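Shown next, in structure tokens, is the structure this report addresses.
Number of protein chains: 2
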Amino acid sequence: MKPKYRMGTFPTLFAALSLTFAGFAAAAGDEPITPIKAPTGIHQGKAELGKKLYFDPRLSKSGFISCNSCHNLSLGGTDNLPTAIGDRWQQGPINSPTVLNSSLNLAQFWDGRAADLKAQAGGPIANPKEMGFTHELAVNVLATIPGYVSEFRHVFGKDKIDMDQVTEAIAEFEKTLVTPNSRFDHWLRGDEKILTADEKAGYALFKKSGCVACHNGEAVGGNSFQKMGLVEPYKTSNPAEGRSAVTGQDAERFSFKVPTLRNVELTYPYFHDGAAHTLTEAVNLMGRLQLGKKFSTKENAQIVAFLKTLTGDQPSFALPILPPSTDKTPRPVPFD
Amino acid sequence: MKPKYRMGTFPTLFAALSLTFAGFAAAAGDEPITPIKAPTGIHQGKAELGKKLYFDPRLSKSGFISCNSCHNLSLGGTDNLPTAIGDRWQQGPINSPTVLNSSLNLAQFWDGRAADLKAQAGGPIANPKEMGFTHELAVNVLATIPGYVSEFRHVFGKDKIDMDQVTEAIAEFEKTLVTPNSRFDHWLRGDEKILTADEKAGYALFKKSGCVACHNGEAVGGNSFQKMGLVEPYKTSNPAEGRSAVTGQDAERFSFKVPTLRNVELTYPYFHDGAAHTLTEAVNLMGRLQLGKKFSTKENAQIVAFLKTLTGDQPSFALPILPPSTDKTPRPVPFD
């Protein structure tokens, strides 16, 4: 589907421009995928503080692992590993999902056990297999660092740092991590020439085959839970149970949050167990297991070509410089 | 020591300014510590490519450890741990020295076994206890990533990526990591009021006590090897032997490169074994072991106050976005 109104049908540039915007809105509304909007209402102070915390390994027991270790913003907000590496090199239980556009998810974690980014942010810090720390110890560390003490006070206007402020700041930073201006979004907004014939054919297949039933909306996913292995059971040695672990409903076993396909070219490997290393493999498996479809080599390549048009502008910001610890700061415990 | 020529002694502003600059040069020449100069002759293309490589964990076996993991540019170019964490969480043999101003070192590594930054850069990649990879495998990974292939070709004008190019690019980036404009450098350049009385007293003590015998020059160190434990033996369980391991000369046992004191407030813990966690402790030990001096609490605090004036502008640049792997890229091996 293309924009319905065309510039050429209007007599003046002004009318053309103003109505073209209306046209874009209508076009985007017609498609099951909509362009990513820039985040609004960001509290800059909280986001700047949250950026520092996101990069600070002192929120881990070892002093070595930060949020950015597994949700690496140089690598599409992931670690590009099947499952994470945690404290003492423990193997994580599940694939690290991308932090990019995660504010658009209906809930956080693969099983949706956290309602929002703020609820999520405290999880890995206190998970013995991830950052291996406790909330109390993390706050104790921050409270001995004058640079943090003054910045928290300035941002939150309170005397003492607490975990609620820490997670709120991290979540606020994460809300900034959206990736607009993908080639696909330019196409949605009316730039017809920006996609190749194969990419357009891939999108047509993506819609016709039913992929859009789950991968739709602004994030091309992230807005529903679905059973992994709908038509054919998914074979994995990963013990994750999905939604049923949260709701206790056996019917929701192996139901996981549908991942966003935004920047999917960067967020390999795929699936909750990280078992699919390439998009070719992932598209093939999704076709078979979820849709009962066997894509031809050509169809698969076209869908992959389309998926690669979903890579947007990656977050661009200066590497944060972290305030130094002091003599009073509890020391990290990198080795037991 | 202060600048010898004063503005007030010259009749016109022009003369004052031009001769004041001469005065500053003379003043800096009079002090055993000189201001850090901005790096010159940087090849921007190599440095930009090197920045990406510096942040790329795909240069490690696990896909998890990059140069920045242990020489973290958010943390003064160190990991702030006594000794490094390497592949499979192996404990490194020695404290990770700061990469900041490392271009000013007479040689690289604590024992100076690498002549320069380029010779150093390949070391950790192939060290089984650090990044755990091989040069051949690292180059094989890069050669499958189109974003790197084109950037290497553009920068080096050669058909194939090799390790020589990789280390040259990383070294070129590292040459940019100097930290000018410390408060101490402003003072050296004639801004007398920028230091407090205690900081100035600390510097006077630092000179009078003999610290400057080793910690001098632009980097306040880094330009000689010295025995650790000159007056009194240094007690450590760390087996590092220092220069003798490189030269085979028994007389050079426990001789290590004198570390830079630039940004020393950020580069804790201290010494080759990372055993001193605070500047107070480090100054106390250095006084006793190297100089046979017991600093009073006040003297120690004044020297520490001076040392904190050596923190300069930290490198400021956008977090690099790394080009994605492809289906052909050899996969990392995070777990055996």
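Keeping their order, the protein sequence lines are chains A and B.
The numbering used here puts the first sequence at residues 1014 to 1349.
The numbering used here puts the second sequence at residues 1014 to 1349.
All C-beta atoms, glycine included, are put in the ideal place defined by N, C-alpha and C.
Just so you know, these numbers come straight off a predicted model, no measurement behind them.
Mind checking residue i: buried by the 16 CB within 10 Å criterion, or exposed?
| i | result |
| --- | --- |
| residue 1244 (chain B) | exposed |
| residue 974 (chain B) | Summary: the structure shown does not reach residue 974 (chain B), with chain B confined to residues 1014 through 1349, and so no result is reported for it. |
| residue 1057 (chain B) | exposed |
| residue 1078 (chain A) | buried |
| residue 1312 (chain B) | buried |
| residue 1348 (chain B) | exposed |
| residue 1268 (chain A) | buried |
| residue 1310 (chain A) | exposed |
| residue 1035 (chain A) | With a pLDDT of only 39 at residue 1035 (chain A), under 50, the local geometry of the prediction cannot be trusted, and the value read off the model is given with reservation. Exposed, since its Cβ has fewer than 16 Cβ neighbours within 10 Å. |
| residue 1167 (chain B) | exposed |
| residue 1135 (chain A) | buried |
| residue 1335 (chain B) | buried |
| residue 1303 (chain B) | buried |
| residue 1146 (chain B) | buried |
| residue 1262 (chain B) | exposed |
| residue 1051 (chain A) | exposed |
Just checking my contact of residue i with residue j at CB under 8 angstroms: how many whole Å lie between their CB atoms?
| i | j | result |
| --- | --- | --- |
| residue 954 (chain A) | residue 1059 (chain A) | No answer is possible for residue 954 (chain A): the residues shown for chain A start at 1014 and end at 1349. |
| residue 1088 (chain B) | residue 1328 (chain B) | Not quite, the Cβ-Cβ distance comes to about 12 angstroms (not below 8 angstroms), so this is no contact. |
| residue 1321 (chain A) | residue 1278 (chain A) | 5 angstroms |
| residue 1174 (chain B) | residue 1080 (chain B) | About 17 angstroms separates the two Cβ atoms, so there is no contact after all. |
| residue 1306 (chain B) | residue 1237 (chain B) | 20 angstroms between Cβ atoms; not a contact. |
| residue 1084 (chain B) | residue 1090 (chain B) | 5 angstroms |
Starting from residue i and walking both ways along the alpha helix (DSSP H), at which residues does that stretch end?
| i | result |
| --- | --- |
| residue 1257 (chain A) | 1257-1260 |
| residue 1146 (chain A) | Element bounds for residue 1146 (chain A): n/a, residue is neither H nor E. |
| residue 1165 (chain A) | 1159-1169 |
| residue 1319 (chain A) | 1310-1320 |
| residue 1137 (chain A) | 1130-1139 |
| residue 1198 (chain B) | 1196-1201 |
| residue 1066 (chain B) | 1057-1067 |
| residue 1301 (chain A) | 1292-1304 |
| residue 1218 (chain B) | 1210-1221 |
| residue 1182 (chain B) | 1176-1188 |
Between the options, which lies nearest to residue i when the distance is taken from Cα to Cα?
| i | options | result |
| --- | --- | --- |
| residue 1201 (chain B) | B:1063, B:1319, B:1315 | B:1319 |
| residue 1074 (chain A) | A:1091, A:1087, A:1109, A:1152 | A:1152 |
| residue 1351 (chain B) | B:1071, B:1192, B:1121, B:1253 | The first residue shown for chain B is 1014 and the last is 1349, placing residue 1351 (chain B) beyond what the model contains. |
| residue 1110 (chain A) | A:1127, A:1092, A:1149 | A:1092 |
| residue 1255 (chain B) | B:1120, B:1292, B:1346, B:1214 | B:1120 |
| residue 1291 (chain A) | A:1263, A:1045, A:1095, A:1240 | A:1095 |
| residue 1241 (chain B) | B:1301, B:1233, B:1199, B:1214 | B:1301 |
| residue 1326 (chain B) | B:1280, B:1276, B:1345 | B:1276 |
| residue 1288 (chain A) | A:1043, A:1063, A:1108 | A:1108 |
| residue 1063 (chain B) | B:1102, B:1103, B:1176, B:1226 | B:1176 |
| residue 1061 (chain B) | B:1129, B:1076, B:1185, B:1144 | B:1185 |
| residue 1129 (chain A) | A:1138, A:1117, A:1137, A:1139 | A:1117 |
| residue 1124 (chain B) | B:1076, B:1324, B:1284, B:1138 | B:1284 |
| residue 1162 (chain A) | A:1098, A:1305, A:1065, A:1323 | A:1065 |
| residue 1097 (chain B) | B:1260, B:1286, B:1166, B:1203 | B:1286 |
| residue 1340 (chain B) | B:1196, B:1157, B:1145 | B:1157 |
| residue 1317 (chain B) | B:1224, B:1333, B:1330, B:1236 | B:1224 |
| residue 1333 (chain A) | A:1160, A:1146, A:1214 | A:1160 |
| residue 1178 (chain B) | B:1204, B:1207, B:1196, B:1148 | B:1148 |
Could you list which residues in chain A have their beta carbon closer than 8 angstroms to that of residue i, in chain order?
| i | result |
| --- | --- |
| residue 1076 (chain B) | 1092, 1093, 1094 |
| residue 1164 (chain B) | By Cβ distance, chain A contributes nothing, its closest Cβ being about 15 angstroms from residue 1164 (chain B), past 8 angstroms. |
| residue 1281 (chain B) | 1337, 1338 |
| residue 1068 (chain B) | 1087 |
| residue 1049 (chain B) | Correct list: empty, because the minimum Cβ distance to chain A is about 17 angstroms. |
For residue i, which residues in chain B fall below 9 angstroms Cβ to Cβ?
| i | result |
| --- | --- |
| residue 1291 (chain A) | 1339, 1340 |
| residue 1207 (chain A) | Under the 9 angstroms cutoff, chain B gives no residues; its nearest Cβ is about 20 angstroms from residue 1207 (chain A). |
Which residues mark the beginning and the end of the beta strand (DSSP E) in which residue i is found?
| i | result |
| --- | --- |
| residue 1077 (chain A) | No beta strand (DSSP E) holds residue 1077 (chain A); DSSP gives it neither H nor E. |
| residue 1238 (chain B) | 1238-1240 |
| residue 1269 (chain A) | 1268-1270 |
Anything in chain B within Cβ reach of residue i, meaning under 7 angstroms, just list it in chain order.
| i | result |
| --- | --- |
| residue 1334 (chain A) | 1087, 1327 |
| residue 1348 (chain A) | 1104 |
| residue 1183 (chain A) | The contacting residues do not exist; residue 1183 (chain A) stays about 15 angstroms from chain B at best. |
Using 6 angstroms as the cut-off, classify the Cβ of residue i as near or not near the heavy atoms of the ligand NAP, replying yes or no.
| i | result |
| --- | --- |
| residue 1060 (chain A) | Annotation note on the ligand NAP: not contained in the displayed structure, which lists no ligands. |
By the criterion of Cβ-Cβ separation under 7 angstroms, what are the contact partners of residue i in chain A?
| i | result |
| --- | --- |
| residue 1345 (chain B) | 1094 |
| residue 1278 (chain B) | 1337 |
| residue 1158 (chain B) | Correct list: empty, because the minimum Cβ distance to chain A is about 12 angstroms. |
Check the Cβ of residue i against every Cβ in chain B and list those closer than 8 angstroms, keeping chain order.
| i | result |
| --- | --- |
| residue 1101 (chain A) | 1102 |
| residue 1330 (chain A) | 1331, 1332 |
| residue 1138 (chain A) | Residues of chain B passing the Cβ test: none, with the nearest at roughly 17 angstroms. |
| residue 1107 (chain A) | By Cβ distance, chain B contributes nothing, its closest Cβ being about 14 angstroms from residue 1107 (chain A), past 8 angstroms. |
Using a C-beta to C-beta distance shorter than 9 angstroms, which residues of chain A count as neighbours of residue i?
| i | result |
| --- | --- |
| residue 1046 (chain B) | Here the premise fails: no neighbours, minimum Cβ distance about 21 angstroms. |
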